[in-house]
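**Student:** Residue 182 in this note's numbering sits at position 125 of the sequence shown; the count goes up by one each step and never skips.
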Amino acid sequence: MKLNNRGKNVRPKWSVLLLLFAMTVVASAQKKTSAPAPKAAPAPKAASAPHQAPAQHTAPAQHTAPAQHTAPAQHTAPAQHTAPAQHSAGAANRGPGSSASHTTTPPSHATTAGHTTTTPSHTTTAGHSTTTGGANGNKGGTNNASKGSAAGGNTGGNKGSAPKANNTATRTNAHTVAGTKTVAMKGGGSATFSKNGQVRSINRNGLHVENGIHGGRVAVSERNGARIVTTGHGGYVQRAYVTRGGHAYYSRTYYYHGAYRTGVYRGYYYGGYHYYGYYPGYWYHPGFYAWGYQPWGAPVYWGVGAWGWGGAPWYGFYGGFFAPYPYYASPAFWLTDYLIAANLQAAYAAQAEANASAAESYAAPGNGGGGDPAPTASGPVALTPEVKQAIADEVKAQLAAQQAQAAQNGASGGQAAAAPAPASGEVPPALDPARRTFVVASDLTVLSNGQECGLTAGDVIMRLTDTPDADQMVNASVAASKKSDCAAGQTVAVKVDDLQEMQNQFAEQLNNGLGDLAKKQGTGGIPKAPDTGTTASDVPPPPPDKSASTAVDDQIAAANQAEAEAKQEAAGSGGGQQ
58 MKLNNRGKNV RPKWSVLLLL FAMTVVASAQ KKTSAPAPKA APAPKAASAP HQAPAQHTAP
118 AQHTAPAQHT APAQHTAPAQ HTAPAQHSAG AANRGPGSSA SHTTTPPSHA TTAGHTTTTP
178 SHTTTAGHST TTGGANGNKG GTNNASKGSA AGGNTGGNKG SAPKANNTAT RTNAHTVAGT
238 KTVAMKGGGS ATFSKNGQVR SINRNGLHVE NGIHGGRVAV SERNGARIVT TGHGGYVQRA
298 YVTRGGHAYY SRTYYYHGAY RTGVYRGYYY GGYHYYGYYP GYWYHPGFYA WGYQPWGAPV
358 YWGVGAWGWG GAPWYGFYGG FFAPYPYYAS PAFWLTDYLI AANLQAAYAA QAEANASAAE
418 SYAAPGNGGG GDPAPTASGP VALTPEVKQA IADEVKAQLA AQQAQAAQNG ASGGQAAAAP
478 APASGEVPPA LDPARRTFVV ASDLTVLSNG QECGLTAGDV IMRLTDTPDA DQMVNASVAA
538 SKKSDCAAGQ TVAVKVDDLQ EMQNQFAEQL NNGLGDLAKK QGTGGIPKAP DTGTTASDVP
598 PPPPDKSAST AVDDQIAAAN QAEAEAKQEA AGSGGGQQ
């Protein structure tokens with residue numbers, strides 16, 4: 058250390074400067090730690106950089122998985138809701154964010170579609186198929202639902218494959234009767250046998266034969282321009298007749314036990330199939346139809362005695378099923394009892410013909426009558442007031458329609474002015490949405506949940522669906538039945554052809570009932586009706602086709618032979634047994 062002249066220590070200048078610099082640095086450091094950093098704010102900008110945006114948005118996208126839990130809420134949605142699943146495939150192209158949320162939806166829709174095909178009242182083709190497929194159809198739908206849900210958020214082929222697989226399943230199970238077996242016949246054609254070996258149907262050389270589960274047989278063929286239908290010991294031959302107002306009309310000659318009768322049927326072409334609706338040979342004047350569905354001023358007490366049913370065997374036989382109204386408030390209710398009675402009389406006659414005694418056939422299980430107990434007079438009335446009211450409403454509706462037709466005929470001088478049929482065809486009466494109630498015309502075998510059950514003439518069904526499926530069948534609910542295997546409330550599959558024949562017989566019997574009422578009006582307490590005159594139809598019935606007897610007899614013989622050969626072949630090979 059150096060000393061100055063006064064003897065004091067002398068610090069070099071550089072050391073002082075160093076000390077001052079150190080103090081300045083310390084003060085500056087303390088100031089920085091205590092004050093907020095001005096450049097800290099831009100930090101969030103770095104987090105929101107474009108390449109990291111998906112990371113922020115994809116996290117919420119994981120929450121779209123619970124959307125599959127909302128699928129059950131769509132359980133009741135019709136199968137048509139599977140269409141939006143097609144839109145979701147395209148939604149994936151909207152962007153990374155929307156893709157993740159939309160692709161979870163298609164599997165949910167596929168599951169919904171797989172389940173809703175079990176709805177019996179579905180108006181689409183699949184709607185009926187599941188009813189007849191029954192448990193099998195449900196199983197197919199459930200499997201597809203499991204397959205779709207197992208895939209979860211998998212956005213691959215599952216979203217489109219589930220509905221397709223389900224449609225295949227329901228179509229495979231459509232109208233399949235449990236336990237039946239179809240075998241090829243040596244002479245050509247095929248035969249279907251029930252599980253107990255009964256011949257259920259035969260297709261051979263253009264002839265189709267069907268046996269009912271409770272007896273009765275229907276054979277149908279078309280040859281040489283004629284349609285031949287045989288049932289029991291009779292049948293009819295139908296041929297093209299005339300064309301009027303753009304519509305084709307057909308003549309039918311019925312032949313039964315040596316007697317002929319004829320009728321005219323108007324052709325309908327709908328959905329690629331031909332149907333034939335009854336066309337009256339004459340029309341009453343419009344005022345008589347209007348009188349038919351208007352109330353009488355006072356009730357008319359008619360009774361079984363006035364009807365003449367008291368000692369009739371058919372009435373005693375069906376006493377537990379049918380009871381006439383105690384009185385009639387209008388002609389429509391009188392006509393309702395007339396129609397029901399006419400069907401039951403036909404049912405009794407058919408049963409008596411198929412068996413030596415209808416009562417014995419019901420009392421002896423295992424024979425052609427099916428073995429069900431006969432209805433008794435002391436039993437409950439199966440034809441409820443509600444069902445009879447539905448029939449009466451149908452009577453009124455048809456009377457109103459015939460009144461309009463009669464007025465139109467009168468205005469055109471007896472020539473019906475028919476509008477051209479639409480390009481898609483004209484709906485036949487059996488599929489008219491305004492008509493729901495049908496009285497069974499003859500013994501009929503229908504399908505319910507993959508099983509067959511029998512309806513008989515006089516039973517009542519309500520059509521549920523309006524659109525036929527690929528097999529030309531629709532769904533109906535049994536409203537009243539005399540046999541337990543087709544119980545009331547059961548949903549069944551019915552051919553549109555059979556429904557149309559029910560409608561034809563209903564219209565014909567209504568015409569007959571009007572004729573009977575026209576004779577009785579003004580007597581026995583029935584008020585006098587207005588003008589009961591008639592006008593000839595623009596398409597009058599032709600004379601009987603006397604060749605119908607030969608055609609009917611030949612077809613019955615051909616059906617007998619085909620059935621005998623089918624039984625022989627089954628007995629020889631065991632093909633008819635399960």
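Backbone N, C-alpha and C fix where the C-beta goes; we use that ideal spot for every residue, glycine too. Since the model is a prediction, treat every value here as computed from it, not as a measurement.
If you run the structure through DSSP and keep just helix, strand and coil, what is tryptophan 359?
**Tutor:** Start at 1 with the first residue of the sequence shown, and residue 359 comes out as number 302. Note: tryptophan 359 maps to coil in three-state DSSP.
**Student:** Kindly identify the DSSP beta-bridge partner or partners of histidine 271.
**Tutor:** Indexing the sequence shown from 1 puts residue 271 at position 214. Beta-bridge pairing links histidine 271 to no other residue.
**Student:** Determine the direct distance from the alpha carbon of cysteine 543 to that of glutamine 408, and round the result to whole angstroms.
**Tutor:** Taking the first residue of the sequence shown as position 1, residue 408 is located at position 351. Taking the first residue of the sequence shown as position 1, residue 543 is located at position 486. Taking the straight line joining both Cα atoms gives about 18 Å.
**Student:** At the level of alpha carbons, what is the spacing between glycine 368 and alanine 406?
**Tutor:** Here residue 368 is taken as the residue at index 311 of the sequence shown, counted from 1. Here residue 406 is taken as the residue at index 349 of the sequence shown, counted from 1. Approximately 15 Å, taken between the alpha carbons.
**Student:** Less than 6 Å between C-beta atoms, sequence neighbours within five positions excluded: which residues of the same chain meet that for tryptophan 366?
**Tutor:** Here residue 366 corresponds to residue number 309 of the sequence shown, with the count starting at 1. Closer than 6 Å at the Cβ level, and outside the excluded window around tryptophan 366, lie Tyr372.
**Student:** Using only CA atoms, which one of Asn260, Phe390, Ile259 lies nearest to leucine 456?
**Tutor:** Mapped onto the sequence shown, residue 456 falls at position 399. It is Phe390 whose Cα lies nearest to the Cα of leucine 456.
**Student:** Note down, in chain order, each residue of its chain lying with its Cβ closer than 6 Å to the Cβ of threonine 239, except the 5 sequence neighbours on either side.
**Tutor:** Walking along the sequence shown from the start, residue 239 turns up at place 182. Answer for threonine 239: Ser247, Thr249, listed in chain order.
**Student:** On a CA-only basis, which of Gly376, Val277, Lys576, Asp610 is nearest glycine 315? Give me that one, please.
**Tutor:** The count along the sequence shown starts at 1 and reaches residue 315 at position 258. Checked all of Gly376, Val277, Lys576, Asp610; the closest Cα to glycine 315 is Asp610.
**Student:** Strictly by DSSP, which residues pair up with methionine 519?
**Tutor:** For the purposes of this step, residue 519 is identified with residue 462 of the sequence shown, where counting begins at 1. Answer is Thr494, Ser534, bridged to methionine 519.
**Student:** On the DSSP bridge assignment, give the partners of isoleucine 583 in chain order.
**Tutor:** Translated into the one-based positions of the sequence shown, residue 583 becomes position 526. Note: isoleucine 583 sits in no beta bridge, so no partner.
**Student:** Are leucine 512 and valine 531 close, meaning C-beta to C-beta below 9 Å?
**Tutor:** Translated into positions along the sequence shown, residue 512 becomes position 455. Translated into positions along the sequence shown, residue 531 becomes position 474. No, they are not a contact pair.
**Student:** Do aspartate 516 and serine 538 count as a contact pair if the criterion is CB distance below 9 Å?
**Tutor:** In the sequence shown, the residue the question calls residue 538 occupies position 481. In the sequence shown, the residue the question calls residue 516 occupies position 459. Yes, the Cβ-Cβ distance between serine 538 and aspartate 516 is below 9 Å.
**Student:** Where does alanine 386 fall in DSSP's three states?
**Tutor:** What you label residue 386 is simply residue 329 of the sequence shown in a count that begins at 1. Alanine 386: coil per DSSP, three-state reduction.
**Student:** Just checking my contact of alanine 608 with isoleucine 285 at CB under 8 Å: how many whole Å lie between their CB atoms?
**Tutor:** Counted from its first residue, the sequence shown places residue 608 at position 551. Counted from its first residue, the sequence shown places residue 285 at position 228. Right, the Cβ-Cβ distance comes to about 5 Å (below 8 Å), so this counts as a contact.
**Student:** When burial is assigned at 16 or more other CB atoms within 10 Å of the CB, is valine 275 buried or exposed?
**Tutor:** One-based indexing of the sequence shown puts residue 275 at position 218. Classification for valine 275: buried.
**Student:** Note down, in chain order, each residue of its chain lying with its Cβ closer than 6 Å to the Cβ of threonine 288, except the 5 sequence neighbours on either side.
**Tutor:** Counting from 1 along the sequence shown, the entry for residue 288 is found at position 231. The answer, listed in chain order, is Val275.
**Student:** Who pairs with isoleucine 397 in a beta bridge, going by DSSP?
**Tutor:** As a first step, residue 397 is located in the sequence shown; it is residue number 340 there, counting from the start. According to DSSP, which records beta bridges pairwise, isoleucine 397 is partnered with nothing at all.
**Student:** Classify threonine 592 as helix, strand or coil using the three-state DSSP reduction.
**Tutor:** Locating residue 592 in the sequence shown gives position 535, counting from the first residue. Strand, per DSSP.
**Student:** I need the DSSP call for asparagine 260, collapsed to helix, strand or coil.
**Tutor:** In the sequence shown, counting from the first residue as 1, residue 260 sits at position 203. The answer is strand: DSSP assigns asparagine 260 an E or B state.
**Student:** Near glycine 590, what residues of its chain come up, given a Cβ to Cβ distance below 6 Å and the 5 sequence neighbours on each side ignored?
**Tutor:** For the purposes of this step, residue 590 is taken as residue 533 along the sequence shown, with counting starting at 1. Same-chain partners within the cutoff: His342.
**Student:** Which one of Ser251, Gly570, Glu279 has the shortest CA to CA distance from isoleucine 270?
**Tutor:** Translated into the one-based positions of the sequence shown, residue 270 becomes position 213. It is Ser251 whose Cα lies nearest to the Cα of isoleucine 270.
**Student:** Excluding sequence positions up to five away, which residues of its chain have a Cβ less than 6 Å from the Cβ of valine 452?
**Tutor:** Position 395 of the sequence shown, counted from the start, is the residue given in the question as residue 452. Only Ala389, Leu392, Thr393 meet the Cβ criterion.
**Student:** May I ask you to check if the CB of serine 499 is nearer than 8 Å to at least one heavy atom of the ligand GTP?
**Tutor:** This structure lacks the ligand GTP; in fact it carries no ligand of any kind.
**Student:** Just confirm the distance between the C-beta atoms of isoleucine 448 and threonine 502, as a whole number of angstroms; I'd bet it's less than 8 Å.
**Tutor:** Numbered from 1 along the sequence shown, position 391 holds the residue referred to as residue 448. Numbered from 1 along the sequence shown, position 445 holds the residue referred to as residue 502. Not really, about 23 Å apart at Cβ, beyond 8 Å.
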